[in-house]
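Undergrad: Dropping the structure in here first, questions after.
2 protein chains.
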Amino acid sequence: MPKPTLVDVGREAGVSAITVSRALRSPEKVSEALRAKVEIAVKKLGYVPNQSASTLASNKSSSIVVMVPSISNNVFTDVLGGISDALHGSRFNMQIGYTNYDSQEEERILRSFLNPTPSGVIISGLEQTDETRQMLENAGVPVVQIMDISPKPIDMIVGFSHDQAAETATQHLIDSGYKNIGFIGAQMDPRSLKRLAGFKKAISDNGELREQCIAVTNKPSNVRLGATLLDKLTSQFPECDAVFCNNDDLSVGVLFECQRRGIKVPDELGICGFNDLGISSETVPSITSVTTPLREIGRLAAAMVIGEEGAPSTPIVDLSYTISARESTKRV
Amino acid sequence: MPKPTLVDVGREAGVSAITVSRALRSPEKVSEALRAKVEIAVKKLGYVPNQSASTLASNKSSSIVVMVPSISNNVFTDVLGGISDALHGSRFNMQIGYTNYDSQEEERILRSFLNPTPSGVIISGLEQTDETRQMLENAGVPVVQIMDISPKPIDMIVGFSHDQAAETATQHLIDSGYKNIGFIGAQMDPRSLKRLAGFKKAISDNGELREQCIAVTNKPSNVRLGATLLDKLTSQFPECDAVFCNNDDLSVGVLFECQRRGIKVPDELGICGFNDLGISSETVPSITSVTTPLREIGRLAAAMVIGEEGAPSTPIVDLSYTISARESTKRV
DNA sequence: GTGAAAGCGCTAACAA
DNA sequence: TTGTTAGCGCTTTCAC
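And the structure:
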């Protein structure tokens, strides 16, 4: 028995194929009676729409395009998990593009993903090229930027302020009694630079900012790099008594390096990480981190882009963050 | 200017549309001269094939379907990364299905992914339902099972032996002088059960296996669970002097719990993990683990499924594993 | 609110 | 080896 088509469903329901199509994708354009008949016929025949035919005829696909910098960074697997959750059971599927933190690559990939026109685009960060923004506007699809926040999104945006988060975290270190606070960062993408700016602001507001308190690299982040950067930091800034790390890989690496070198945490060195990826709360001592709503960002972005009920009514959603204060900054 | 179609390219090259189609997808069926002409015309017009039309006409898509148990488990993000690498630049794209460690769910998802017929299927493990195996055979697509090894794959297979890996790791603990070795496991899927079997074999071969040396749960693995299971293990098996952990989340969690309780690693307790996910080598002390070729499994599976040059010529590829011996099992 | 006709761009099957 | 013909299943457009 071949797969039933719209024509088969129409025959079963006593209507034409096009009416079935309408009943399925824009029920409000069809009378109540017909809708019911069609629904029964669909169930009876086990009809499943053919996406290719639909896409070919309309030049619109049912994909939600998701552009993220990296597959291996747990930050984005969390976000993707949230999107996946929200799309589950809907008629949309997700198509993922990995930009490797490169706007040009992002533009290239997106160009290829924009044909046929997807049902929506979720894209990380604010730093799209002019070309990319133009393509997105021309495509006329809903676009949700994620991870960051801005008063002037391309279309919609959901995220939080990295400057503020870093500033609050740094202030937490200051409030905990640390006097000489350093910054450790890897993969210095625009959001990382904002965290650095927030750090600098908090330090400047409470005294003098010295350049030697910053140790950063553009390499991808990992645990070992935390150790390496701590070495760098303590040699250029020996009086350092606390570090704010760009992310949790680094903060964990810093803690391990302290254990190796016999540096007492939190007494001799306070540590604060970023994103709170799950291990920070388990280490000994546990590490203070900035808890960010990664999964929720994904979920909301998906809801906004498909215009689901329950989606926020405003195009700008600032989800904020919380400081999870733990042992690594609890000076006695 | 509208997007060029096969007809446009054909006109430019002075041939028919179908010839262009053939020149593009099976060059060997077309004369050398024509192929060159077509190639020039394609470049000149910037022709890009329309996937939907192709899929609709042939009922075959250019997707490689990848079925994995979980999005959040780093084991699978590594594998996916390998597949993504291998597919990059080819004409194939990947379509990912998350089964949540459930064969019925796997069957359900796969059924929906098999229409239109994909170009290939990569599927985790050996434990497909009969229905699933049947569907896969009927579909007539190349199938590569991954993560495990078996003499009788559905079609092709690339992985390693979990029993042997666990047996070797346990033997390493025995050789390191540990006498009372326990097993800690979470997410006891079939591969985990094989690791447990390998553990039991090594223990039995060297003395007597006692049931109380095993502490497992079916909950998803995480760092905290390592601590919880260590508690369970040491209360039911107080003489325990080493643990083999199902995976690295748990082994890290065990180490942290030892630090909390003042248990000296490796002297009072030896620890060995599984998969070597990157943090094991960084902890203090560093943790011995079984290094498994996750990325390589992904790369090879993709190469095999698309029949790429450079793919192994045999349908069964055992990639093996290595024991990365570190401080956590180096008893003085 | 509903339907008929005309493709979307490609490939299978057959013909030359 | 190359071309012709006839759809794939759906949506668009336009008519009623």
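Heads up: the sequence lines are chains F and Z, in that order. Each residue of the first sequence is one higher than the last, beginning at 1 in full-length UniProt numbering. Each residue of the second sequence is one higher than the last, beginning at 1 in full-length UniProt numbering. By construction, the Cβ of each residue, glycine as well, lies at the ideal position given by its N, Cα and C atoms.
Can you confirm whether F:I149, when its beta carbon is compared against all beta carbons of chain Z, has any partner nearer than 9 Å?
TA: So no, F:I149 is outside the interface.
Undergrad: Any C-beta of chain Z sitting closer than 9 Å to the C-beta of F:F256?
TA: It does: the Cβ of F:F256 has a partner Cβ on chain Z nearer than 9 Å.
Undergrad: Since F:L114 and F:T329 should fall inside the 8 Å C-beta cutoff, what is the C-beta to C-beta distance between them, to a whole number of angstroms?
TA: Actually they do not touch by this definition, with Cβ atoms about 46 Å apart.
Undergrad: Got a sec, what are the start and stop residues for the beta strand (DSSP E) Z:N93 sits in?
TA: Here the beta strand (DSSP E) through Z:N93 covers N93 to Y98.
Undergrad: In chain order, which continuous runs of the alpha helix (DSSP H) of length 4 or greater are located wholly inside the region 65-131 of chain Z?
TA: Whole alpha helix (DSSP H) segments, 4+ residues: 74-87 and 103-113.
Undergrad: Using a C-beta to C-beta distance shorter than 8 Å, which residues of chain F count as neighbours of Z:G278?
TA: Going along chain F in sequence order, the residues near Z:G278 (Cβ under 8 Å) are N222 and V223.
Undergrad: Of all Cβ atoms in chain F, is any one closer than 9 Å to the Cβ of Z:D130?
TA: So no, Z:D130 is outside the interface.
Undergrad: Is the distance from the Cβ of F:G82 to the Cβ of F:R295 below 9 Å?
TA: For F:G82 and F:R295, yes; Cβs fall inside 9 Å.
Undergrad: Could you pull the DSSP bridge partners for Z:C272 from this structure?
TA: Answer by DSSP bridge pairing, in chain order: Z:F244 and Z:T288.
Undergrad: Please name the residues in the region 74-91 of chain Z whose beta-carbon is closer than 7 Å to at least one beta-carbon of chain F, in chain order.
TA: Result list: T77, L80, G81 and S84.
Undergrad: Between which two residues does the beta strand (DSSP E) carrying F:I263 extend?
TA: Segment: none, F:I263 is in no beta strand (DSSP E) and carries neither H nor E.
Undergrad: Based on DSSP bridge pairs, tell me the residues matched to Z:S63.
TA: Answer is Z:N93, bridged to Z:S63.
Undergrad: For F:D318, which beta-bridge partners are listed by DSSP?
TA: Note: F:D318 sits in a beta bridge opposite F:G159.
Undergrad: Using C-beta distances below 8 Å, list every residue in its chain close to Z:N100, excluding the 5 sequence neighbours before and after it, in chain order.
TA: Contacts found: P69 and S70.
Undergrad: In three-state terms, what does DSSP make of F:A57?
TA: Looking at F:A57 - three-state DSSP - the assignment turns out to be helix.
Undergrad: In its own chain, which residues sit with a C-beta less than 6 Å from the C-beta of Z:N247, not counting the 5 before and 5 after it?
TA: So the list reads S221, F274 and N275, once near-sequence residues are dropped.
Undergrad: With 9 Å set as the bound, which would you pick, yes or no: does the beta-carbon of F:T228 sit closer than that to a beta-carbon of chain Z?
TA: By this cut-off, F:T228 is not an interface position.
Undergrad: Check the Cβ-Cβ distances between F:V65 and every residue of chain Z, and say whether any is below 9 Å.
TA: No, because no Cβ of chain Z sits closer than 9 Å to the Cβ of F:V65.
Undergrad: With distances taken Cα to Cα, identify the nearest neighbour of Z:L136 among Z:S119, Z:P285, Z:M147 and Z:S204.
TA: Taking only the C-alpha atoms, the option nearest Z:L136 is Z:S119.
Undergrad: Just to make sure I have the definition right: I need the residues of chain Z whose C-beta is within less than 8 Å of the C-beta of F:E211. Which are they?
TA: Simply none; closest approach about 29 Å.
Undergrad: Going by beta carbon distance, what residues of the same chain come within less than 6 Å of Z:K201, once the five residues before and after it are set aside?
TA: If we look at Z:K201 and ignore the five residues flanking it on each side, its Cβ neighbours are E167.
Undergrad: Name the residues in the region 296-309 of chain Z whose C-beta lies less than 7 Å from a C-beta of chain F; which are they?
TA: So nothing in the stretch comes that close.
Undergrad: The region 279-293 of chain Z: which residues have C-beta closer than 7 Å to a C-beta of chain F, in chain order?
TA: Listed by position, the residues of the region 279-293 of chain Z near chain F (Cβ gap below 7 Å) are I279, E282, T283 and V284.
Undergrad: What does Z:Q187 pair with, by DSSP beta-bridge criteria?
TA: None, per the DSSP bridge assignment.
Undergrad: By alpha-carbon positions, which one of Z:L277, Z:Q187, Z:E268 and Z:A215 ends up nearest to F:R224?
TA: Considering only alpha carbons, the answer is Z:L277.
Undergrad: Against F:G46, what residues of chain Z qualify as contacts under a CB-to-CB distance less than 8 Å, listed in chain order?
TA: Within 8 Å Cβ-Cβ: nothing; F:G46 doesn't reach chain Z, min ~11 Å.
Undergrad: Quick one: what does DSSP say Z:I149 is sitting in, helix, strand or coil?
TA: Z:I149: coil per DSSP, three-state reduction.
Undergrad: Mind listing the chain Z neighbours of F:L269? Cutoff is C-beta to C-beta under 8 Å, in chain order.
TA: None at all; the shortest Cβ gap to chain Z is about 15 Å.
Undergrad: What did DSSP end up calling F:A325 once you bin it into helix, strand or coil?
TA: Note: F:A325 maps to coil in three-state DSSP.
Undergrad: Report yes or no: do the region 242-261 of chain Z and the region 185-202 of chain Z share at least 3 C-beta pairs separated by less than 8 Å?
TA: Yes: at least three Cβ pairs fall under 8 Å.
Undergrad: Check this for me: beta carbons of F:V284 and F:T322, under 9 Å apart or not?
TA: Cβ distance not < 9 Å, so F:V284 and F:T322 don't count as in contact.
Undergrad: I'd like to know whether the C-beta of Z:Y98 is nearer than 9 Å to at least one C-beta of chain F.
TA: True, the Cβ-Cβ gap to chain F drops below 9 Å.
Undergrad: Near F:D267, which residues of its chain fall below 8 Å by C-beta distance, leaving aside the five closest residues on each side in sequence?
TA: Around F:D267: R331 and V332.
Undergrad: What are the boundary residues of the alpha helix (DSSP H) that includes F:V38?
TA: E32 to L45 is the extent of the alpha helix (DSSP H) around F:V38.
Undergrad: Of all the CB atoms in chain F, is at least one closer than 9 Å to the CB of Z:K3?
TA: Z:K3 counts as touching chain F.
Undergrad: To the nearest angstrom, report how far apart F:A23 and F:V66 are at their CA atoms.
TA: Looking at the two C-alpha atoms, the distance is approximately 29 Å.
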